[in-house]
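**Student:** Below you'll find the structure I mean.
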Amino acid sequence: MLEIHDIHTYYGSIHALKGVSLEVLEGEIVTLIGSNGAGKSTTVSSITGTAPASSGSIIFNGQDITKMKSCNITRLGIGVSPEGREVFGGLSVQDNLQIGAFTRKNKKEIAASYEEVYDLFPRLKERRKQSAGTLSGGEQQMLAIGRALMSKPKLLLLDEPSMGLAPNLVEMIFELIVKINKTGVTILLIEQNANMALQIADRGYVLETGRVTLSDSAKALQTNDDVRKAYLGSA
């Protein structure tokens, strides 16, 4: 579904991604783990076109999207829940979700998507008229994911969905990610919480200073000594 081949991405003179390659197959949950500054969010930005790769290629369902505009990438079926959630605090929950459906025209289908999101996140339905800025961190994360789902994505990019959340909320968010995947949405999960990410993923990639240093099944990465020492808190 998604194939990234040897991409290099720069922020000015900073060489953020140095030949990153990875793939996500249809139906999978694939996780990209790494420490702060490893290039995880830059990878998301390169896929979505907000920080285009200067070389290499990004192929989605057979189509080269490397230099495509972000809005057209969304139309092809890639949704993103960004790092830091980035909800529109002054707008209601319902309005935030409506923004997520900006590429769609069929009102009946959009109405059905609202119900699907509210089924997944009943708390959002209870607060649909509430300003997004007054929600808790966990509720804002639900809203960010729900907004991404409103575009009806084939591939959902989740950038640090557990960031800043209490442990019980982290567990709930990861359970919901599995539930979303079971509805047929393929997921690329970018996470610092490697332990949780590898528990739900099929496969994983380790990113260090802009390079993929390791890739394997999630189970194999969980038992890899280097991964355990660096990311799982055990030797």
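Quick note: the sequence shown uses full-length UniProt numbering, first residue 1, plus one each step.
A virtual CB, placed ideally from N, CA and C, is assigned to each residue, including glycine.
Just the Cα atoms here: how many angstroms apart are Lys-18 and Thr-66?
**Tutor:** Position 18 of the sequence shown, counted from the start, is the residue given in the question as residue 18. Position 66 of the sequence shown, counted from the start, is the residue given in the question as residue 66. Looking at the two C-alpha atoms, the distance is approximately 15 angstroms.
**Student:** How many Å lie between Leu-214 and Leu-188 at the Cα?
**Tutor:** Position 214 of the sequence shown, counting from 1, holds the residue named residue 214. Position 188 of the sequence shown, counting from 1, holds the residue named residue 188. Each residue's Cα considered, the two are about 16 angstroms apart.
**Student:** What do you reckon, are the CB atoms on Ser-45 and Ala-53 nearer than 7 angstroms?
**Tutor:** For this step, residue 45 is matched to residue 45 along the sequence shown. For this step, residue 53 is matched to residue 53 along the sequence shown. Ser-45 is not a Cβ neighbour of Ala-53, given a cutoff of 7 angstroms.
**Student:** Below 8 angstroms on the Cβ atoms is my contact criterion, and I expect Ser-70 with Thr-103 to pass it. Report the Cβ-Cβ distance as a whole number of Å.
**Tutor:** Here the question's residue 70 lines up with position 70 in the sequence shown. Here the question's residue 103 lines up with position 103 in the sequence shown. In fact, because the Cβ distance is near 11 angstroms, the residues do not count as touching under 8 angstroms.
**Student:** Return yes when the Cβ of Gly-133 is within less than 7 angstroms of the Cβ of Gly-164, no when it is not.
**Tutor:** As a first step, residue 164 is located in the sequence shown; it is residue number 164 there, counting from the start. As a first step, residue 133 is located in the sequence shown; it is residue number 133 there, counting from the start. No, these two residues do not count as a Cβ contact at 7 angstroms.
**Student:** Which of helix, strand or coil does DSSP assign to residue 244?
**Tutor:** A query on residue 244 cannot be resolved here, the shown segment of the chain reaching from 1 to 235 and no further.
**Student:** What's the gap between the Cα of Gly-27 and the Cα of Ser-55?
**Tutor:** Position 27 of the sequence shown, counted from the start, is the residue given in the question as residue 27. Position 55 of the sequence shown, counted from the start, is the residue given in the question as residue 55. Whole-angstrom Cα-Cα distance: 28 angstroms.
**Student:** Restricting to Cα atoms, I'd like to know which of Lys-154, Leu-97, Val-170 and Lys-105 is closest to Ile-145.
**Tutor:** Walking along the sequence shown from the start, residue 145 turns up at place 145. The shortest C-alpha separation from Ile-145 is found at Leu-97.
**Student:** Would you say residue 247 and Ile-58 are within 7 angstroms of each other, going by their C-beta atoms?
**Tutor:** Residue numbering for the chain in the displayed model covers 1 to 235; residue 247 lies beyond these limits and cannot be assessed.
**Student:** Can you tell me which of the three DSSP states Ser-113 falls into?
**Tutor:** One-based indexing of the sequence shown puts residue 113 at position 113. Note: Ser-113 maps to helix in three-state DSSP.
**Student:** If you compare alpha carbons, which of Val-117, Ser-35, Lys-125 and Gln-130 is closest to Ile-177?
**Tutor:** Working through the sequence shown from its first residue, we reach residue 177 at position 177. Closest by alpha carbon: Val-117.
**Student:** Below 8 angstroms, can you find three or more Cβ-Cβ pairs linking the stretch 72 to 86 to the stretch 107 to 121?
**Tutor:** No: fewer than three Cβ pairs fall under 8 angstroms.
**Student:** Can you tell me where the beta strand (DSSP E) holding Gly-19 begins and where it ends?
**Tutor:** Position 19 of the sequence shown, counted from the first residue, corresponds to residue 19. Counting along the chain, the beta strand (DSSP E) containing Gly-19 begins and ends at 14 to 24.
**Student:** Sort out for me which residues DSSP pairs Leu-207 with in a bridge.
**Tutor:** The residue labelled residue 207 in the question sits at position 207 within the sequence shown. Partner(s): Val-212.
**Student:** Kindly indicate the opening and closing residues of the beta strand (DSSP E) around Ile-65.
**Tutor:** Stepping through the sequence shown from its first residue, residue 65 is reached at position 65. Segment: none, Ile-65 is in no beta strand (DSSP E) and carries neither H nor E.
**Student:** Looking at the structure shown, is Asp-225 part of a helix, part of a strand, or coil, going by DSSP?
**Tutor:** Translated into positions along the sequence shown, residue 225 becomes position 225. Helix.
**Student:** Quick one, which of Thr-43, Glu-23 and Val-20 has its alpha-carbon nearest Glu-160's?
**Tutor:** Counting from 1 along the sequence shown, the entry for residue 160 is found at position 160. Among Thr-43, Glu-23 and Val-20, the Cα nearest to that of Glu-160 is on Thr-43.
**Student:** When you compare only the Cα positions, how much space is there between Asp-216 and Lys-125?
**Tutor:** Along the sequence shown, read from residue 1 onward, the residue named residue 216 stands at position 216. Along the sequence shown, read from residue 1 onward, the residue named residue 125 stands at position 125. Going by the C-alpha atoms only, they are around 39 angstroms apart.
**Student:** Which residues in the same chain have their Cβ closer than 6 angstroms to the Cβ of Ile-110, if we skip the five residues on either side of it in sequence?
**Tutor:** Position 110 of the sequence shown holds residue 110. Once the five neighbours on either side are set aside, the close Cβ partners of Ile-110 are Ala-101 and Arg-104.
**Student:** Going by CA-CA distance only, name the one from Leu-232, Val-170, Thr-209 and Arg-228 that's closest to Ala-38.
**Tutor:** Walking along the sequence shown from the start, residue 38 turns up at place 38. With distances taken between Cα atoms, Ala-38 lies closest to Thr-209.
**Student:** When the distance is taken between beta carbons, is Val-30 closer than 7 angstroms to Arg-203?
**Tutor:** Indexing the sequence shown from 1 puts residue 203 at position 203. Indexing the sequence shown from 1 puts residue 30 at position 30. In contact: Arg-203 and Val-30 (Cβ atoms closer than 7 angstroms).
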